[in-house]
Every structure is written in structure tokens, then in C-alpha cells.
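Written below as C-alpha cells is the structure these notes are about.
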Amino acid sequence: MPRTWFKESCCAQVLMEMTPEMAEGHRLIVRYFALRNTDTRVTCVRGGTHGPNSKHPQGNAVDYGFQGQNAIANREAIGDGLRECLNEGCPNNGCSKVFDVVPEITHWHVEYDPK
Ligand SMILES: [Zn+2]
């Protein structure tokens, strides 16, 4: 059974660090991984060190750590899948995307970024 776990703090605390929009995206991500029988691992919401324009401090970005070799080997494809799933409800197909997903070295960086 897939589970959601967090490196830094407990579940409720991590959700409280997210804006409502980011928390909504987080629920879709947990579902995406659960359907693929994979754990969801949040490694960072507001904590950590980020660039000056980072959306982490406001709670509009979450990092999801890679889980196992499959995640590492398929980081781009899984990132595409996450992006698609997060922006599925986006009005007028072809509107600017609301969530960005960036595969990094150890994690997917996901941010809520309405244009
Ligand atoms: Zn990040």
C-alpha cells in the first residue's frame, strides 16, 4: 500500500505550509503516485535553501524526492505525467499552465505558478 511520508515534519504540518492551491495540486500528486503503487515523499515545502525568486517560501512549491531506480530512470517521463495530471482541469486547452514540474537531480520540483 503506497503511503505519503515527509522528511521534515508530520503530514498536517506539511499541508499547512502549502497554499490552498498548492495543497490541491499535492492531492493530485499523491493520487498520481498511489495509482502507480508508489509512495509520495515530500522533501521540502517552505524549508531548505532556495533562489531569490523561489516559490518555496510562500508555500507555492513542493519538492518530491525520487523513490527508487524507476523514478531516477524515468524522471522526465514521470515529470511529464505529473504536469499533465496537474493541468488537466486547465480551462481552454492550451491556456498557460498553472503548475510547473521540473525534474531536478534528486526530486521533482512542483510549483503553483498562474500566468
Ligand atoms: Zn523546489
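Counting from -10, one number per residue, gives the positions in the sequence shown under the working numbering.
All residues carry an ideal CB built from backbone N, CA and C; glycine is no exception.
Note that the coordinates shown come from a computational prediction; the quantities given were computed from them, not determined experimentally.
Please report the distance separating the alpha-carbon of residue i from that of residue j.
| i | j | result |
| --- | --- | --- |
| Asp52 | Asn76 | 17 angstroms |
| Arg20 | Glu93 | 21 angstroms |
| Phe88 | Arg16 | 13 angstroms |
| Lys86 | Arg25 | 24 angstroms |
| Gly40 | Pro46 | 10 angstroms |
| Met103 | Ile18 | Per the sequence shown, the amino acid found at residue 103 is Pro instead of Met. Rounded to whole angstroms, Pro103 to Ile18 spans 18 angstroms at the Cα level. |
| Gly14 | Ala62 | 24 angstroms |
| Cys74 | Ala1 | 24 angstroms |
| Ala60 | Thr27 | 10 angstroms |
Taking DSSP as the reference, what is the three-state secondary structure of residue i?
| i | result |
| --- | --- |
| Arg64 | helix |
| His45 | coil |
| Arg35 | coil |
| Arg16 | helix |
Using only alpha-carbon positions, find the residue among the options that is nearest to residue i.
| i | options | result |
| --- | --- | --- |
| Leu4 | Ala62, Val31, His39 | Val31 |
| Glu65 | Val91, Pro46, Lys44 | Val91 |
| Thr(-7) | Met11, Glu6, Thr29, Ile18 | Thr29 |
| Lys44 | Cys74, Thr27, Thr8, Gln58 | Thr8 |
| Ala23 | Asn63, Pro(-9), Gln56 | Pro(-9) |
Exercise. Is it a yes or a no for the segment 82 to 102 touching the segment 37 to 56, going by three-plus beta-carbon pairs under 8 angstroms?
Worked result: yes
Exercise. Does the segment 59 to 71 come close enough to the segment 30 to 42 to have 3 or more Cβ pairs within less than 8 angstroms?
Worked result: no
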